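Colleague: The listed protein sequences derive, respectively, from chains A and B. According to the numbering used here, the first sequence is numbered sequentially starting from 1. According to the numbering used here, the second sequence is numbered sequentially starting from 1. Structure incoming, see below.
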Amino acid sequence: MAIRQKFPKLDRAWRKIATGYCFVLFGVCAIILSATLFPLLRLISRDAEAGRVRIQEAMRFVMAVFIGMMRVVGVISYELHGLERLNLVGRERGTLIVANHPSLIDVVFLVSLMREVDCIVKEALWRNPFLRWPVLWAGYIPNRSAEELVESCARNLHAGRSLLVFPEGTRTVPGQPLTMRRGAAQIALASRADILPITISCEPLMLAKTQAWHQAPHGPGHFVISVGEPIPASVYAPVGVAHSLAARAITRRMEEYFASSLKVLAGATPVATVQPALGSDPLGLTEDPSELEDAELSSP
Amino acid sequence: MQTREEVFEQLKGLLGELFEIKPERVVPGAHLFKDLDIDSIDAIDLMMHLKELTGKKIQPETFKHVRTVQDVVDAVASLMTEESTK
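Okay, here's the thing in structure tokens:
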């Protein structure tokens with residue numbers, strides 16, 4: 001836009017203010033809605049399950065409004081690809097949605113795109129006097145012991161509820177390679193749910209792990225959100241492979257998938273030549289084992 | 001009746017088979033989580049395989065205080081000693 005180019009400093013100052021405003025607004029709205037809309041939705045519902053559906057849909061709506069607002073004030077811009085793959089409600093089995101995590105508002109984006117989705121919520125939120133109730137009524141899952149977590153997630157997935165997980169467990173550290181933890185893979189193995197990868201790129205990067213909220217980038221954060229193809233358990237977890245090895249292999253393959261799909265989104269590599277590898281030969285069974293060993297020796 | 005060394009060797013093999021951990025990394029002082037990247041879910045897997053290996057039921061409480069490879073060896077060895085004195 002012409003204004004941004006003519007007055008870059010002013011534009012950046014505006015976005016710093018606007019980001020701060022969005023932060024405050026988010027917090028205030030969270031408290032107000034926790035005291036009004038969410039309890040109301042729970043009350044008018046005949047049981048917890050009906051309440052959960054209503055509240056998850058309300059979450060989607062609120063997040064969508066918030067994303068729209070951030071766009072209007074010029075803090076973000078975005079493009080969305082593959083959204084048709086997110087029609088997941090009403091299926092017999094839930095889908096395990098995995099995404100990379102470059103920015104603080106990734107969750108806001110993704111929840112705004114799905115009618116009903118479970119999220120894993122950290123302990124801190126469960127202890128917050130306002131937010132603990134909506135989080136409970138929304139049927140979100142507490143991040144407690146690894147074993148309990150995997151069990152709860154698998155149970156919900158079996159019941160047809162989809163789950164959003166960020167395998168990195170935290171925001172990506174800019175400049176460092178993607179490191180994913182095995183939690184998502186463990187949930188996949190326990191539930192044998194389809195894995196649906198969503199790649200999020202944010203350029204210029206905003207609200208990343210090493211950035212403070214007031215460090216606005218040189219332009220609005222442009223998000224590209226690309227929903228990949230679902231991968232069934234028969235592909236990522238062939239029968240006969242030891243559980244712990246499978247968890248490690250799936251995690252490695254997810255890291256490779258996201259690294260290459262991020263490259264695609266950044267336009268660095270033409271789509272035709274990069275094949276995100278999660279779907280084909282996920283355990284590298286056709287790779288030469290001696291090559292794999294060399295690779296492991298050379299990695300830090 | 002197995003010696004600690006035998007338990008150690010068997011554990012080394014198990015860690016390689018279950019978690020792709022190279023034998024040279026398996027030293028008595030190696031911390032399961034920090035050095036060998038064995039998380040709590042892996043630990044459950046390990047306990048199940050140790051149970052098969054030793055033929056003894058491993059109580060979850062035994063593993064609560066296990067932190068290093070040496071701790072595992074000690075826990076398994078003490079279980080075996082228990083059995084043989086009964």
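Just so it is clear, CB atoms sit at the ideal spot from N, CA and C, and this is done for glycine as well. Just so you know, these numbers come straight off a predicted model, no measurement behind them.
#1: I need the straight-line Cα distance from K64/B to V264/A, nearest angstrom please.
#2: Return the chain-ordered ranges of every beta strand (DSSP E) run that is complete within the region 66-131 of chain A and spans a minimum of 3 residues.
#3: How would you label G27/A, buried or exposed, when you count the other beta carbons within 10 angstroms and need 16 or more for buried?
#4: How would you label F95/B, buried or exposed, when you count the other beta carbons within 10 angstroms and need 16 or more for buried?
#5: At least one CB of chain B closer than 8 Å to the CB of W126/A: is that the case?
#6: Say whether chain B places a C-beta atom closer than 8 Å to the C-beta of Q186/A.
#7: In whole angstroms, what separates the C-alpha of M118/A from that of P60/B?
#8: Quick check on the DSSP output: what are the complete alpha helix (DSSP H) runs of length 4 or more inside the region 5-51 of chain A, in order along the chain?
#9: What's the C-alpha gap between I97/A and P232/A?
#10: Does A242/A get closer than 8 Å to chain B when you measure Cβ to Cβ?
#11: Measuring straight from C-alpha to C-alpha, what distance separates A259/A and A124/A?
#12: Identify which residue in V227/A, H243/A, V241/A and S244/A has its Cα closest to the Cα of Y257/A.
#13: Looking at the C-beta of I58/B, does it have a partner C-beta in chain A at a distance below 8 Å?
#14: Taking the alpha carbon of M180/A as the point to measure from, which residue in L189/A, T170/A and A188/A has its own alpha carbon closest?
#15: Looking at the structure shown, is P134/A part of a helix, part of a strand, or coil, going by DSSP?
#16: Once you ignore the five residues that flank V111/A on each side, which residues in its own chain have a CB closer than 8 Å to its CB?
Modeller: Reading it off the structure:
#1: Here residue 64/B refers to the residue found at position 64 of the second sequence. Here residue 264/A refers to the residue found at position 264 of the first sequence. If I take the Cα positions, the gap works out to 45 Å.
#2: 76-81, 95-99 and 118-121
#3: The count along the first sequence starts at 1 and reaches residue 27/A at position 27. Counting Cβ neighbours within 10 Å, G27/A comes out exposed, since fewer than 16 surround it.
#4: Any property of residue 95/B remains undetermined from this structure, which presents chain B solely from 1 to 86.
#5: As a working note, residue 126/A is residue 126 in the first sequence. So, not an interface residue.
#6: Within the first sequence, the letter at position 186 stands for residue 186/A. Yes, contact with chain B.
#7: As a first step, residue 118/A is located in the first sequence; it is residue number 118 there, counting from the start. As a first step, residue 60/B is located in the second sequence; it is residue number 60 there, counting from the start. The sequence as given places Asp at residue 118/A; Met does not occur at that position. Each residue's alpha carbon lies about 31 Å from the other.
#8: 8-35 and 37-43
#9: What you label residue 97/A is simply residue 97 of the first sequence in a count that begins at 1. What you label residue 232/A is simply residue 232 of the first sequence in a count that begins at 1. Rounded to the nearest angstrom, the gap between the Cα atoms of I97/A and P232/A is 12 Å.
#10: Looking up residue 242/A in the first sequence gives position 242. At least one chain B Cβ lies under 8 Å of A242/A.
#11: Position 259 of the first sequence holds residue 259/A. Position 124 of the first sequence holds residue 124/A. A259/A and A124/A: Cα-Cα distance of roughly 30 Å.
#12: The residue given as residue 257/A occupies position 257 in the first sequence. Ranking V227/A, H243/A, V241/A and S244/A by Cα distance to Y257/A puts V227/A first.
#13: Taking the first residue of the second sequence as 1, we reach residue 58/B at position 58. No, I58/B lies away from the interface with chain A (no Cβ there is under 8 Å from its Cβ).
#14: Indexing the first sequence from 1 puts residue 180/A at position 180. The closest CA to that of M180/A, considering only L189/A, T170/A and A188/A, is found on T170/A.
#15: Position 134 of the first sequence, counting from 1, holds the residue named residue 134/A. The answer is helix: DSSP assigns P134/A an H, G or I state.
#16: The residue labelled residue 111/A in the question sits at position 111 within the first sequence. Counting only Cβ-Cβ distances below 8 Å, and skipping sequence neighbours, we find M59, R60, M63, V117, C119 and L164.
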